[in-house]
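K.L.:
Residue numbers (our numbering), protein chains in the order written: chain V, 1 to 400; chain F, 401 to 852.
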């Protein structure tokens, strides 16, 4: 993409896996210089997570890692050595932002908590991403995406009425927490201009699993005393909670706000639907099983995209369930410039999703992810005062 | 010392429903001045739903729980943008503002003659933040879409569900909230850019792209290996066993993830090491994954005897990732969230002709800045800040403000009769019968400690 870079900050990135790297990816794509600090020899754990290019589990071939680390510079540094900590502090002196997602307490045990970093560089903004946050009784609890969705309340809200709660596909909450960290970091940087002093940001991933249910479900309790559950026993399609089967896939009409029900019945070509008992949302709820059955019958003769186009023409909202291959081939996304092709020395040329917004002045850019330790020389020799022979010695001692 | 990062930033909020008001919620809580602009004939639909105590009488447009959650702390003005006088006032407001946030469909502001090209003539430094289902370019730019349709369109529905079942829908419009984080982020990026370069700009957010971006693992599997991943419930080949297991009580569950052999042995210890845990078929991650159905049944025999909170604490103490699947009532009472100060209590003034809200809980944002505690405040009444904004901020003479009100361009009483709005009662007892809700506590205020 052409255009001026949006951000001019320097980021020290101690993160690994998904949430932390997604935060620094957004900053990197917008022009910030992100120095990714990886464990010597191993690197970011996401390098060992699939999917892999041609199913080869090579640390430079993880599609997950490649998609999360565009534009970043990779250096290796062992923070469990004294020299490693000293080098890190030299980098902190030059940085605007430090992002980390270790377990709470780890930065302090390395002698690198916010108080220490602030003494080195009062302007630095430190962003800590962790499962349950830096304080509270569950602070040290272990978690996975599923555990976070459970404790955050998202899982209880997802699934069939009489079956177990289920998690969202992939790692949605890790991504939401990552962009939340990027948002909070940008806020702190913007506010920093007031006094030139940074601050410490605490991003609990679990609260990203609470945020999406606050408005609908949590408020049902705060204002009505009602505990929402998963999908209803019957008639879920009336509540946007169950897809109906078209000839070639799954679809769903979306009822939000005022719906001219008789117009909808004409659109569905169903006289049965044009029943005064179904005219209001309240009425449809009480007859939800019937309404769902009639809609299902009206839909089964259609192809999913024909039905969608017709709904758009009639100004009804409609959903079509797309599969990942359909999304990859989506003509709309081709035209909006969402995907970018990137050359990489190990996997060659691949297409990646970009950032979901366009700016009329500044732009984002998606370049390639770094090889492990690729920028050691550039950073240690070019930026700090180390020599090439120093690097050989540091490597020998397991520092880099 | 506390400092609000967005102090001095003025935002005109034209947002409706979910993504718009949620985006500005995140910004107002960190110190921006947000002026919510609504028309009397079409007030924001977020006002209608979760009305306090299910009372839809009097000024019920002020008592919707979703509105209070979204709009707390914002100034409220009314303005008919289809009226030439209303348009003039709006343009005056644009002149003194930093950001305009809107999530109308792509045609609306253009048809009103208020698109970015026009607004930047009035204020070249203005940042316009547009949030649409499919963005503002490409063949689908005019398609209507909400969070529920994007759940399907982005591929997430296909990737969510039981292994043996159809794609799973959810009533939570996830992409509205997920997209709001994006939109708020891009707004602050644009502010930062403007401070450095002096340039305003148009930021065009696509909710569809927001969702696809975080399905990258599935997209990359298809792009790299031409494989189309599908749903597999709670399972993960790298984490076995992983599942949500039934606990003591009605609809109580605990999530358990075993990510290593050490965690497997710790789980076995907590379960009391029954004989079956020593069987060869459960000896390593791969064999546990291959025998997952049977393993789930056996683990469930233990979990069903334990309270879900107790199971979480026992397992965590032994080093096993586990979490009770909390419902919203449990979340509101949970010691962790409460100790972290998640749930602010906000007291509302008594207003004539309106159900008294008393004290209610408004959750803080899902991040914390050490020196900038969030501003969590009550909602203003519709049009409460008309005088302040029109007269004090924009310098419109009192007589002219009165004229705007007399002509219905502004005011404090929505003309709801002109626009039918779906806002039936929630009716908790009936919903419980239909299985739409799990439980209904008539004494919920007492349970939450909200009694005055």
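Beta carbons are placed, not taken as given, at the ideal position from N, Cα and C, and that holds for glycine.
(1) Give a yes or no on whether the C-beta atoms belonging to residue 405/V and residue 321/V are separated by under 8 Å.
(2) Under 7 Å Cβ-Cβ, which residues of chain V neighbour residue 614/F?
(3) Closest by CA to residue 123/V, which one among 98/V, 223/V and 34/V?
(4) Name the residue from 844/F, 755/F, 721/F and 593/F whose alpha carbon lies nearest to the alpha carbon of residue 658/F.
(5) Are the beta-carbon atoms of residue 138/V and residue 154/V separated by less than 8 Å?
(6) Residue 232/V touches chain F at which residues, Cβ-Cβ below 8 Å?
(7) So, residue 471/F versus residue 439/F, is the Cβ gap smaller than 8 Å?
(8) To which residues of the same chain is residue 333/V closer than 8 Å at the C-beta, ignoring the five residues directly before and after it?
(9) With DSSP run on the structure shown, which of helix, strand or coil describes residue 207/V?
(10) Fully enclosed by the stretch 737-808 of chain F, which beta strand (DSSP E) runs are 3 residues long or longer?
(11) So what does residue 585/F bridge to, in DSSP terms?
(12) At least one CB of chain V closer than 8 Å to the CB of residue 625/F: is that the case?
(13) Measure from the alpha carbon of residue 429/F to the alpha carbon of each residue in 762/F, 531/F, 506/F and 686/F, then state which is nearest.
(14) At the 8 Å Cβ level, is residue 710/F part of the contact set with chain V, yes or no?
(15) Find out if the Cβ-Cβ distance for the pair residue 583/F, residue 601/F is shorter than 8 Å.
(16) Is any beta-carbon of chain V found at less than 8 Å from that of residue 692/F?
(17) Should residue 853/F and residue 535/F be called a contact, given that it needs their Cβ atoms to be closer than 8 Å?
(18) Are the beta-carbon atoms of residue 779/F and residue 468/F separated by less than 8 Å?
(19) Identify the contact partners of residue 220/V in chain F, using a Cβ-Cβ distance below 8 Å as the criterion.
(20) Let's test the definition: count the other Cβ atoms within 10 Å of the Cβ of residue 376/V and tell me whether it reaches 16, buried, or not, exposed.
(21) Give the straight-line distance between the Cα atoms of residue 512/F and residue 482/F, rounded to the nearest whole angstrom.
(22) Going along the chain, which residues of its own chain have a beta-carbon closer than 8 Å to the beta-carbon of residue 232/V, five neighbours each way excluded?
(23) State the start and end residues of the unbroken alpha helix (DSSP H) segment that holds residue 130/V.
(24) With a threshold of 16 other CB atoms inside 10 Å of the CB of residue 201/V, please say whether the residue is buried or exposed.
(25) Taking just the CA atoms, how far does residue 159/V sit from residue 148/V?
(26) So, under 8 Å CB-CB, residue 491/F and residue 456/F are touching, yes? Tell me the CB distance rounded to an integer number of Å.
(27) Report yes or no: is there a C-beta of chain V within less than 8 Å of the C-beta of residue 418/F?
(28) Can you find a C-beta in chain V that's less than 8 Å from the C-beta of residue 491/F?
(29) Check the C-beta distance from residue 179/V over to residue 17/V and give it rounded, since I have them as a contact under 8 Å.
(30) For the stretch 343-361 of chain V, list every residue whose C-beta sits within 8 Å of some C-beta in chain F, in sequence order.
(31) Specify, as a first and last residue, the run of the beta strand (DSSP E) that residue 519/F falls within.
(32) Classify residue 451/F as buried or exposed, calling it buried when 16 or more other Cβ atoms lie within 10 Å of its own Cβ.
(33) Is the Cβ of residue 568/F closer than 8 Å to any Cβ of chain V?
(34) Taking the DSSP output, what are the residues bridged to residue 251/V?
(35) Using C-beta distances below 7 Å, list every residue in its chain close to residue 94/V, excluding the 5 sequence neighbours before and after it, in chain order.
(36) Name the DSSP bridge partner or partners of residue 491/F?
P.N.:
To lay it out plainly:
(1) A query on residue 405/V cannot be resolved here, the shown segment of chain V reaching from 1 to 400 and no further.
(2) Here the question's residue 614/F lines up with position 214 in the second chain. Listed by position along chain V, the residues whose Cβ is nearer than 7 Å to that of residue 614/F are 172 and 175.
(3) Translated into positions along the first chain, residue 123/V becomes position 123. Selected option, being the one with the closest Cα: 98/V.
(4) Translated into positions along the second chain, residue 658/F becomes position 258. Considering only alpha carbons, the answer is 721/F.
(5) As a working mapping, residue 138/V is identified with position 138 in the first chain. As a working mapping, residue 154/V is identified with position 154 in the first chain. In this structure, residue 154/V does not lie closer than 8 Å to residue 138/V by Cβ.
(6) Counted from its first residue, the first chain places residue 232/V at position 232. By Cβ distance, chain F contributes 834, 835 and 836.
(7) Counting from 1 along the second chain, the entry for residue 471/F is found at position 71. Counting from 1 along the second chain, the entry for residue 439/F is found at position 39. No, these two residues do not count as a Cβ contact at 8 Å.
(8) Position 333 of the first chain holds residue 333/V. Excluding residues within five positions, the ones whose Cβ falls inside 8 Å are 327 and 339.
(9) Counting from 1 along the first chain, the entry for residue 207/V is found at position 207. It is helical.
(10) Whole beta strand (DSSP E) segments, 3+ residues: 743-747 and 759-763.
(11) Taking the first residue of the second chain as position 1, residue 585/F is located at position 185. According to DSSP, which records beta bridges pairwise, residue 585/F is partnered with nothing at all.
(12) As a first step, residue 625/F must be located in the second chain, where it is residue number 225. Closer than 8 Å to some Cβ of chain V, the Cβ of residue 625/F qualifies, so yes.
(13) In the second chain, counting from the first residue as 1, residue 429/F sits at position 29. Looking at the Cα atoms, 762/F is the closest of the given residues.
(14) Counting from one through the second chain, the residue named residue 710/F turns up at place 310. Cβ-Cβ to chain V under 8 Å: no for residue 710/F.
(15) Reading the second chain from its first residue, position 183 is the one you call residue 583/F. Reading the second chain from its first residue, position 201 is the one you call residue 601/F. Not in contact: residue 583/F and residue 601/F (Cβ atoms no closer than 8 Å).
(16) What you label residue 692/F is simply residue 292 of the second chain in a count that begins at 1. Judged by the 8 Å Cβ criterion, residue 692/F is not in contact with chain V.
(17) What the structure shows of chain F is the stretch from 401 to 852, and residue 853/F is not part of that stretch, so it cannot be assessed.
(18) Counting from 1 along the second chain, the entry for residue 779/F is found at position 379. Counting from 1 along the second chain, the entry for residue 468/F is found at position 68. Yes.
(19) Stepping through the first chain from its first residue, residue 220/V is reached at position 220. By Cβ distance, chain F contributes 450, 465, 728, 826 and 837.
(20) Position 376 of the first chain, counted from the start, is the residue given in the question as residue 376/V. Buried, by the Cβ-count rule.
(21) Residue numbering aside, residue 512/F sits at position 112 when the second chain is read from its first letter. Residue numbering aside, residue 482/F sits at position 82 when the second chain is read from its first letter. Near 7 Å, if we compare the C-alpha coordinates of residue 482/F and residue 512/F.
(22) Within the first chain, the letter at position 232 stands for residue 232/V. Excluding sequence neighbours, residue 232/V sits near 161, 239, 241 and 288.
(23) By 1-based counting over the first chain, the position of residue 130/V is 130. It is not in any alpha helix (DSSP H) - residue 130/V instead sits in the beta strand (DSSP E) that spans 125-130.
(24) Along the first chain, one-based indexing puts residue 201/V at 201. Taking every protein chain shown into account, the CB of residue 201/V has 16 or more other CB atoms within 10 angstroms, so this residue is buried.
(25) Looking up residue 148/V in the first chain gives position 148. Looking up residue 159/V in the first chain gives position 159. The alpha-carbon of residue 148/V is positioned some 16 Å away from that of residue 159/V.
(26) Here residue 491/F corresponds to residue number 91 of the second chain, with the count starting at 1. Here residue 456/F corresponds to residue number 56 of the second chain, with the count starting at 1. Wrong, their Cβ atoms sit about 36 Å apart, outside the cutoff.
(27) In the second chain, residue 418/F corresponds to position 18, counting from 1. Interface flag for residue 418/F against chain V is set, since a Cβ pair is found closer than 8 Å.
(28) For the purposes of this step, residue 491/F is taken as the residue at position 91 of the second chain. Among the residues facing chain V, residue 491/F is not included, as its CB has no counterpart in that chain under 8 Å away.
(29) What you label residue 179/V is simply residue 179 of the first chain in a count that begins at 1. What you label residue 17/V is simply residue 17 of the first chain in a count that begins at 1. Their Cβ separation, rounded to whole angstroms, is 15 Å, which puts residue 179/V and residue 17/V out of contact at 8 Å.
(30) For the stretch 343-361 of chain V, residues whose beta-carbon sits nearer than 8 Å to a beta-carbon of chain F comprise 347, 350, 351, 352, 353, 354, 355, 356, 357, 358, 359, 360 and 361.
(31) For the purposes of this step, residue 519/F is taken as the residue at position 119 of the second chain. Residue range 516-522 is occupied by the alpha helix (DSSP H) that includes residue 519/F, with no beta strand (DSSP E) assigned at that position.
(32) Translated into the one-based positions of the second chain, residue 451/F becomes position 51. By the 10 Å Cβ count, residue 451/F comes out buried.
(33) Walking along the second chain from the start, residue 568/F turns up at place 168. At a cut-off of 8 Å between beta-carbon atoms, residue 568/F makes contact with chain V.
(34) Taking the first chain and counting its residues from 1, one reaches residue 251/V at position 251. Looking at the DSSP assignment, residue 251/V forms a beta bridge with 244/V and 320/V.
(35) Here residue 94/V is taken as the residue at index 94 of the first chain, counted from 1. Contacts found: 10.
(36) Taking the first residue of the second chain as 1, we reach residue 491/F at position 91. Bridge partners of residue 491/F: none, in fact.
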